[in-house]
Amino acid sequence: MSAVLRIPTVLRPSMGGESVIAVDGSTVGEVLLQITTTYPAIKGQLLNADGTLHRFLNVYVNDDDVRYLGGVETRIANNDEITLLPAVAGGAW
Amino acid sequence: MTRYASVLDLVGHTPVVDVSALSPKANVTILAKLEGRNPAGSVKDRVALSLVEAAERDGRLIPGKPDQILIEPSSGNTGIALALVCRLRDYHLKVVLPTNVSPERHQLLLAFGAEIIDSPGAEGSNGAVRLAQSLSEENPEWVFLYQYANPANPLAHYTTTGPEILADVPEITHFVAGLGTSGTLMGVGRFLKERRPDVQIWAVEPPSGEVVDGLRSLEDGYVPPIFTDNDGEHLLDRKVIVRPRESIEWVRRLTEVGLFVGLSSGAALAGAAKCAATIDDESTATIVTIIADDGWKYLSTGAWSDDIDDVVERAKSIIYF
Numbered sequence: 617m618s619a620v621l622r623i624p625t626v627l628r629p630s631m632g633g634e635s636v637i638a639v640d641g642s643t644v645g646e647v648l649l650q651i652t653t654t655y656p657a658i659k660g661q662l663l664n665a666d667g668t669l670h671r672f673l674n675v676y677v678n679d680d681d682v683r684y685l686g687g688v689e690t691r692i693a694n695n696d697e698i699t700l701l702p703a704v705a706g707g708a709w
Numbered sequence: 008m009t010r011y012a013s014v015l016d017l018v019g020h021t022p023v024v025d026v027s028a029l030s031p032k033a034n035v036t037i038l039a040k041l042e043g044r045n046p047a048g049s050v051k052d053r054v055a056l057s058l059v060e061a062a063e064r065d066g067r068l069i070p071g072k073p074d075q076i077l078i079e080p081s082s083g084n085t086g087i088a089l090a091l092v093c094r095l096r097d098y099h100l101k102v103v104l105p106t107n108v109s110p111e112r113h114q115l116l117l118a119f120g121a122e123i124i125d126s127p128g129a130e131g132s133n134g135a136v137r138l139a140q141s142l143s144e145e146n147p148e149w150v151f152l153y154q155y156a157n158p159a160n161p162l163a164h165y166t167t168t169g170p171e172i173l174a175d176v177p178e179i180t181h182f183v184a185g186l187g188t189s190g191t192l193m194g195v196g197r198f199l200k201e202r203r204p205d206v207q208i209w210a211v212e213p214p215s216g217e218v219v220d221g222l223r224s225l226e227d228g229y230v231p232p233i234f235t236d237n238d239g240e241h242l243l244d245r246k247v248i249v250r251p252r253e254s255i256e257w258v259r260r261l262t263e264v265g266l267f268v269g270l271s272s273g274a275a276l277a278g279a280a281k282c283a284a285t286i287d288d289e290s291t292a293t294i295v296t297i298i299a300d301d302g303w304k305y306l307s308t309g310a311w312s313d314d315i316d317d318v319v320e321r322a323k324s325i326i327y328f
């Protein structure tokens with residue numbers, strides 16, 4: 617499946633400076649693994665050694681936090697929008 | 008009318024109003040609990056009172072003892088609520104406040120006698136939390152109530168907001184609220200799940216804008232300890248993000264039902280509408296959401312009068328939650 621991935625400022629230096637890239641994969645986990653292959657510098661910033669999400673990383677598929685869907689197993693459909701966002705204290709836009 | 012001995016007796020027991028005229032589905036009722044009716048103007052009055060009373064119970068604060076100092080990081084509403092409680096209980100409050108909060112919040116804090124310590128606006132609430140932590144370590148005699156980690160925060164909602172909702176809306180199927188400290192969601196969520204396990208708890212993640220842009224690394228991230236302590240990841244059924252434009256659009260739509268609300272409440276209603284949209288046509292549902300505060304403190308944003316693109320741009324650099 618082809619989807620769009622939005623990258624937050626804090627992760628861009630490790631991902632070639634890009635803010636939006638096209639990605640392939642049928643699950644969130646597949647997409648994240650694909651990214652770490654393309655951008656080895658990002659390894660460890662997205663996933664823990666056991667394959668779970670980094671505790672300060674939130675991943676949204678079409679505005680839904682995947683932790684409350686299927687986690688890294690969440691299915692990706694064609695043209696989905698995946699957004700990576702750092703976890704911050706609530707209180708800002 | 009009932010007669011009250013103190014303004015603090017006015018905290019809580021807020022009304023719930025039907026705003027289903029804004030529901031995207033005719034079979035889904037949306038009810039809004041109006042926390043702006045609290046005396047200092049927000050849901051945080053419940054939290055501030057609970058934090059201070061817990062500290063008085065455990066002896067960290069002693070009523071009547073002179074020169075007791077409290078310090079707290081706040082993007083506004085908790086600070087204002089604490090300022091009111093401290094004014095009435097005769098404590099001195101220092102609020103660590105990011106410089107980019109709306110001017111109305113700044114002035115309300117001063118009105119209730121709080122002292123303001125500036126923290127860098129670009130670092131948002133994270134920066135205010137860090138500065139308050141370091142100041143409290145340097146001044147161990149100050150009482151640091153730390154709303155992000157204090158169980159008295161969710162307890163306020165477990166003992167007041169949750170029971171009020173269930174008493175007023177026994178048919179509730181979904182609870183939707185903004186995620187800040189997570190106190191409302193953890194307290195109300197736990198209360199409801201214990202009594203109605205089928206009730207779905209939805210969190211609305213506020214847009215994070217420039218604060219997220221200001222992070223140096225992912226390790227600067229923050230998850231409130233009360234979220235972790237209450238096993239928030241299992242308590243919540245779903246978390247959705249709402250964009251600034253959606254929030255402003257919903258703030259404006261809420262005036263159609265006569266509600267003049269703060270910007271985070273626009274996000275909460277946007278979340279409630281997303282929730283309603285997931286209900287199939289053959290079912291019925293009753294969603295309760297929280298209007299955290301009224302619109303007065305946000306007039307300087309031009310949210311109701313200016314071009315929406317300008318408001319959204321302005322909103323990205325100002326803290327509203």
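Residue numbers (this note's numbering), protein chains in the order written: chain A, 617 to 709; chain B, 8 to 328.
Note that beta-carbon positions come from the ideal geometry of N, C-alpha and C, so glycine has one too.
On the DSSP letters alone, give me the boundaries of the alpha helix (DSSP H) that residue i sits inside.
i                  : result
Trp-257 of chain B : 251-261
Val-136 of chain B : 131-145
His-241 of chain B : 239-242
Asn-84 of chain B  : 84-96
Val-14 of chain B  : No alpha helix (DSSP H) contains Val-14 of chain B, which DSSP labels as neither H nor E.
Pop quiz: residue i and residue j are said to be a contact at Cβ under 8 Å. What is the actual Cβ separation, rounded to whole angstroms?
i                  : j                  : result
Tyr-598 of chain A : Ser-630 of chain A : In this structure chain A extends from 617 to 709, so residue 598 of chain A is not present and cannot be described.
Asn-107 of chain B : Gly-128 of chain B : 3 Å
Gly-194 of chain B : Thr-235 of chain B : 15 Å between Cβ atoms; not a contact.
Ser-132 of chain B : Ser-82 of chain B  : 5 Å
Ala-90 of chain B  : Leu-116 of chain B : 5 Å
Pro-110 of chain B : Ser-272 of chain B : No, Pro-110 of chain B and Ser-272 of chain B are not in contact; Cβ-Cβ is about 20 Å, not under 8 Å.
Lys-6 of chain B   : Glu-130 of chain B : For chain B, the structure presents residues 8 to 328; residue 6 of chain B sits outside this window and is missing.
Under 9 Å between C-beta atoms, does residue i make it to chain A?
i                  : result
Arg-250 of chain B : yes
Val-50 of chain B  : no
Ala-210 of chain B : yes
Asn-237 of chain B : no
Ser-13 of chain B  : no
Leu-77 of chain B  : no
Pro-158 of chain B : no
Leu-243 of chain B : yes
Gly-228 of chain B : yes
Ser-224 of chain B : yes
Glu-42 of chain B  : no
Lys-32 of chain B  : no
Ser-132 of chain B : yes
Val-247 of chain B : yes
Glu-256 of chain B : no
Lys-281 of chain B : yes
Between the options, which lies nearest to residue i when the distance is taken from Cα to Cα?
i                  : options                                       : result
Leu-138 of chain B : B:Val-150, B:Asp-125, B:Val-18 and B:Pro-147  : B:Asp-125
Pro-624 of chain A : A:Asn-694, A:Thr-690, A:Arg-691 and A:Phe-672 : A:Phe-672
Arg-245 of chain B : A:Thr-652, A:Asp-640 and A:Asn-678            : A:Asn-678
Gly-71 of chain B  : B:Arg-96, B:Ala-159 and B:Leu-173             : B:Arg-96
Phe-119 of chain B : B:Tyr-98, B:His-99, B:Arg-94 and B:Val-102    : B:Arg-94
Ala-61 of chain B  : B:Ala-159, B:Gly-228, B:Asp-52 and B:Glu-130  : B:Ala-159
Asp-300 of chain B : B:Leu-41, B:Leu-29 and B:Leu-17               : B:Leu-41
Leu-162 of chain B : B:Thr-191, B:Gly-66 and B:Asn-45              : B:Thr-191
Pro-231 of chain B : B:Gly-187, B:Pro-73 and B:Val-319             : B:Gly-187
Asn-45 of chain B  : B:Thr-85, B:Ala-121 and B:Ser-30              : B:Thr-85
Is residue i close to chain B? Criterion is C-beta to C-beta, closer than 9 Å.
i                  : result
Gln-661 of chain A : yes
Tyr-655 of chain A : no
Arg-622 of chain A : no
Asp-679 of chain A : yes
Arg-671 of chain A : yes
Leu-685 of chain A : yes
Gly-707 of chain A : Caution is warranted here: a pLDDT of 44 is assigned to Gly-707 of chain A, below 50, making its placement in the model unreliable, and no coordinate value can be reported.
Asn-664 of chain A : no
Leu-627 of chain A : yes
Leu-648 of chain A : no
Ala-619 of chain A : no
Val-636 of chain A : no
Asn-674 of chain A : yes
Thr-652 of chain A : no
Leu-643 of chain A : Residue identity check: residue 643 of chain A is Thr in the sequence provided, not Leu. False, the Cβ-Cβ gap to chain B never drops below 9 Å.
Val-704 of chain A : yes
Thr-690 of chain A : no
For the ligand ADP, is there any heavy atom lying closer than 8 Å to the beta carbon of residue i?
i                  : result
Asn-678 of chain A : Absent from the structure shown: the ligand ADP. Ligands present: none.
Which residues bound the beta strand (DSSP E) around residue i?
i                  : result
Gly-80 of chain B  : The residue you asked about is not Gly; residue 80 of chain B is Pro in the sequence shown. Residues 76-80.
Asn-157 of chain B : No beta strand (DSSP E) contains Asn-157 of chain B, which DSSP labels as neither H nor E.
Thr-296 of chain B : 292-298
Compare the C-beta of residue i against all C-beta atoms of chain E and say whether one is closer than 9 Å.
i                  : result
Val-268 of chain B : Here chain E cannot be found, since the structure's protein chains are A and B.
For the segment 275-286 of chain B and the segment 10-17 of chain B, state whether three or more C-beta atom pairs, one from each stretch, are separated by less than 8 Å.
Verdict: no, contact absent.
Per the contact definition of three or more C-beta pairs closer than 8 Å, is the segment 288-300 of chain B in contact with the segment 29-44 of chain B?
Touching, per the Cβ criterion.
Counting beta carbon pairs with one atom in the segment 195-208 of chain B and one in the segment 301-320 of chain B, are three or more of them shorter than 8 Å?
no
Check whether the segment 639-648 of chain A and the segment 683-690 of chain A are in contact - that is, three or more C-beta pairs closer than 8 Å.
yes
Check whether the segment 75-89 of chain B and the segment 149-163 of chain B are in contact - that is, three or more C-beta pairs closer than 8 Å.
yes
Do the segment 22-31 of chain B and the segment 253-263 of chain B touch if we need at least three Cβ pairs shorter than 8 Å?
yes
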